[in-house]
Amino acid sequence: MNGLLRSAVVIVGLSLAAAMVIALLQLPSAAVHLPALVAENLAQSGVEHPVTAVLLNFRGWDTLLEVAVLLLALLTLLTLGGGKAPAPAAAVDPLLQGLARRMLPLIVLTAGYLLWAGAHRPGGAFQAGAVLAAGAVFLQLAGLLPAWTAPRRWLRLGLVLGFLVFLAVAAALLGQGALLRYPPALAGGLILLIEAGLTLSLGLILAGLFLFLTGRDA
Amino acid sequence: MSTGLLYALAGVLLFVLGAAGAVLLAHLMRKVLAFNVMGSGAFLVLVGLAQREDVIDPVPQAMVLTGIVVAVAATALALGLARAFHARTGRTGLTEEARRD
Numbered sequence: 001m002n003g004l005l006r007s008a009v010v011i012v013g014l015s016l017a018a019a020m021v022i023a024l025l026q027l028p029s030a031a032v033h034l035p036a037l038v039a040e041n042l043a044q045s046g047v048e049h050p051v052t053a054v055l056l057n058f059r060g061w062d063t064l065l066e067v068a069v070l071l072l073a074l075l076t077l078l079t080l081g082g083g084k085a086p087a088p089a090a091a092v093d094p095l096l097q098g099l100a101r102r103m104l105p106l107i108v109l110t111a112g113y114l115l116w117a118g119a120h121r122p123g124g125a126f127q128a129g130a131v132l133a134a135g136a137v138f139l140q141l142a143g144l145l146p147a148w149t150a151p152r153r154w155l156r157l158g159l160v161l162g163f164l165v166f167l168a169v170a171a172a173l174l175g176q177g178a179l180l181r182y183p184p185a186l187a188g189g190l191i192l193l194i195e196a197g198l199t200l201s202l203g204l205i206l207a208g209l210f211l212f213l214t215g216r217d218a
Numbered sequence: 219m220s221t222g223l224l225y226a227l228a229g230v231l232l233f234v235l236g237a238a239g240a241v242l243l244a245h246l247m248r249k250v251l252a253f254n255v256m257g258s259g260a261f262l263v264l265v266g267l268a269q270r271e272d273v274i275d276p277v278p279q280a281m282v283l284t285g286i287v288v289a290v291a292a293t294a295l296a297l298g299l300a301r302a303f304h305a306r307t308g309r310t311g312l313t314e315e316a317r318r319d
């Protein structure tokens with residue numbers, strides 16, 4: 001039975017791969033030339049880097065919903081229960097701790113740079129948030145930061161801040177006639193404001209996905 | 219054949235490998251990893267296909283950036299669920315014969 005299933009899956013998988021490869025090879029080129037559209041409108045997006053312009057301006061509501069999805073994932077994780085005493089810090093390695101202490105300012109600096117760089121080169125809130133979260137995970141692994149159990153008031157505020165700022169900007173701009181259509185003069189500043197909030201919240205959320213899991217005895 | 223198309227074809231292979239793994243592997247953590255391989259394949263198809271004419275398209279790149287972050291969160295959630303499942307049943311897989319440990 002198991003062998004039968006295995007061969008069936010292999011056959012179906014191979015035919016699926018063959019069908020998709022044939023489809024990809026025959027695909028005509030796109031009817032809408034998106035890169036040209038982005039380049040045309042880049043000047044009024046408020047930022048100079050096309051990926052950031054798409055993320056925070058042209059398709060801003062995608063990003064808004066994404067942050068909501070991240071929050072939802074974290075909230076679901078928190079409702080899974082457990083929540084016993086936090087796991088004791090891992091074996092203390094003075095070398096690792098010293099390294100972590102020295103790395104911390106660099107990590108924060110890198111995150112700040114990535115946030116700022118997003119306006120004109122690869123970078124932005126997601127990368128900066130990921131770097132912050134990696135820093136928190138590093139501190140936990142080095143035994144300097146205890147794992148998290150239940151979020152207190154300040155942590156809760158930090159987790160939702162990015163989403164709330166984004167939502168507030170979206171609500172304030174509803175008068176423009178479309179969701180998240182920034183006035184071109186304010187676009188750069190608003191995007192930086194949203195990204196700053198997102199960096200903090202994404203860093204906390206991504207760190208929380210790790211630190212809440214380690215802090216709970218399942 | 220452009221580099222972009224080559225990436226898309228590699229993405230197809232990754233997707234199929236991951237899909238087969240998600241069906242065949244019993245251990246929940248392996249299933250989660252297989253889903254991640256599937257997701258990476260889908261991202262590769264999306265980005266590779268968009269630049270198969272050697273023009274870089276920022277729109278799918280932004281979509282994939284969004285997708286990667288959501289995939290990380292979904293993976294963490296899946297691992298949390300798998301851990302809670304293991305804590306309640308002692309099993310590491312969904313089938314009855316899955317090893318208890």
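Protein sequence lines correspond, in order, to chains A and B.
Using the numbering used here, the first residue of the first sequence is number 1, and each one after it goes up by one.
Using the numbering used here, the first residue of the second sequence is number 219, and each one after it goes up by one.
Cβ atoms here follow ideal geometry from the backbone N, Cα and C, with glycine treated the same way.
If we ignore side chains and look at the alpha-carbon of each, how far apart do residue i and residue j end up?
i	j	result
Ile205 (chain A)	Gly3 (chain A)	43 Å
Ala302 (chain B)	Leu159 (chain A)	23 Å
Gly98 (chain A)	Ile107 (chain A)	14 Å
Glu271 (chain B)	Ala294 (chain B)	36 Å
Leu179 (chain A)	Leu283 (chain B)	21 Å
Val277 (chain B)	Gly60 (chain A)	12 Å
Val255 (chain B)	Ala147 (chain A)	29 Å
Gly118 (chain A)	Val288 (chain B)	20 Å
Gly236 (chain B)	Leu173 (chain A)	42 Å
Gly135 (chain A)	Leu155 (chain A)	17 Å
Ile274 (chain B)	Gly46 (chain A)	21 Å
Leu227 (chain B)	Val10 (chain A)	18 Å
Leu25 (chain A)	Ala142 (chain A)	49 Å
Gly229 (chain B)	Leu96 (chain A)	38 Å
Leu265 (chain A)	Arg152 (chain A)	No statement about residue 265 (chain A) is possible, as the shown extent of chain A runs from 1 to 218 and does not include it.
Gly215 (chain A)	Asp93 (chain A)	20 Å
Val137 (chain A)	Val263 (chain B)	31 Å
Gly124 (chain A)	Leu164 (chain A)	18 Å
Glu66 (chain A)	Val12 (chain A)	33 Å
Thr199 (chain A)	Leu115 (chain A)	7 Å
Asn41 (chain A)	Thr307 (chain B)	55 Å
Ala232 (chain B)	Ser15 (chain A)	Here residue 232 (chain B) turns out to be Leu, not Ala, going by the sequence shown. Distance between the alpha carbons of Leu232 (chain B) and Ser15 (chain A) is about 14 Å.
Ser258 (chain B)	Thr149 (chain A)	31 Å
Ala218 (chain A)	Met247 (chain B)	Note that Ala218 (chain A) scores 48 on pLDDT, short of 50, meaning its location in the model is unreliable; the coordinates nonetheless yield the value given after this. Distance between the alpha carbons of Ala218 (chain A) and Met247 (chain B) is about 15 Å.
His245 (chain B)	Leu209 (chain A)	21 Å
Ile191 (chain A)	Ala260 (chain B)	29 Å
Ala18 (chain A)	Val234 (chain B)	10 Å
Ala39 (chain A)	Asp62 (chain A)	20 Å
Leu27 (chain A)	Tyr225 (chain B)	15 Å
Gly239 (chain B)	Gly285 (chain B)	21 Å
Output the boundary residues of the alpha helix (DSSP H) element that contains residue i.
i	result
Glu195 (chain A)	184-215
Arg102 (chain A)	94-117
Thr63 (chain A)	60-79
Pro35 (chain A)	34-41
Gly13 (chain A)	2-26
Trp154 (chain A)	153-172
Ala128 (chain A)	125-141
Pro146 (chain A)	Premise fails: Pro146 (chain A) is in no alpha helix (DSSP H) and is neither H nor E.
Ala53 (chain A)	50-53
In the DSSP assignment, what residue or residues form a beta bridge with residue i?
i	result
His245 (chain B)	B:Gly311
When burial is assigned at 16 or more other CB atoms within 10 Å of the CB, is residue i buried or exposed?
i	result
Arg121 (chain A)	exposed
Asp319 (chain B)	With a pLDDT of 47 at Asp319 (chain B), under the threshold of 50, the modelled position of that residue is not reliable, and no figure is offered here.
Gln140 (chain A)	buried
Thr313 (chain B)	exposed
Gln279 (chain B)	buried
Gly129 (chain A)	buried
Met20 (chain A)	buried
His49 (chain A)	buried
Val32 (chain A)	exposed
Met219 (chain B)	exposed
Ala43 (chain A)	exposed
Ser7 (chain A)	exposed
Ala23 (chain A)	exposed
Thr221 (chain B)	exposed
Ala73 (chain A)	buried
Thr290 (chain B)	Sequence inspection shows Val at residue 290 (chain B); the Thr mentioned does not correspond to that position. Val290 (chain B) is buried by the Cβ-count criterion.
Leu186 (chain A)	exposed
Ala133 (chain A)	buried
Ser29 (chain A)	exposed
Ala268 (chain B)	buried
Verify the CB distance criterion: does residue i have a CB-CB separation below 9 Å to chain D?
i	result
Leu190 (chain A)	Structure shown: chain D not included; protein chains present are A and B.
Mind checking the segment 272-297 of chain B against chain A and listing, in chain order, the residues whose C-beta falls within less than 9 Å of any C-beta there?
Val273, Ile274, Asp275, Pro276, Val277, Pro278, Gln279, Ala280, Met281, Leu283, Thr284, Gly285, Ile286, Val287, Val288, Val290, Ala291, Ala292, Thr293, Ala294, Leu295, Leu297
Name, going along the chain, the residues of the segment 225-237 of chain B whose beta-carbon falls closer than 7 Å to a beta-carbon of chain A.
Ala226, Leu227, Val230, Leu231, Val234, Ala237
Residues of the segment 241-253 of chain B with Cβ closer than 7 Å to any Cβ of chain A, in chain order:
Val241, Leu242
Give, in chain order, every residue of the segment 47-71 of chain A whose Cβ lies closer than 7 Å to some Cβ of chain B.
Pro50, Val51, Val54, Leu55, Arg59, Asp62, Thr63, Glu66, Val69, Leu70
Along the segment 150-165 of chain A, what residues have a CB closer than 9 Å to any CB found in chain B?
none
Give the residues from the segment 10-25 of chain A that approach chain B closer than 8 Å (Cβ to any Cβ), ordered along the chain.
Val10, Gly13, Leu14, Leu16, Ala17, Met20, Val21, Leu24, Leu25
Under 8 Å, CB to CB, which of the residues in the segment 299-314 of chain B have a partner in chain A?
Leu299, Arg301, Ala302, His304, Ala305
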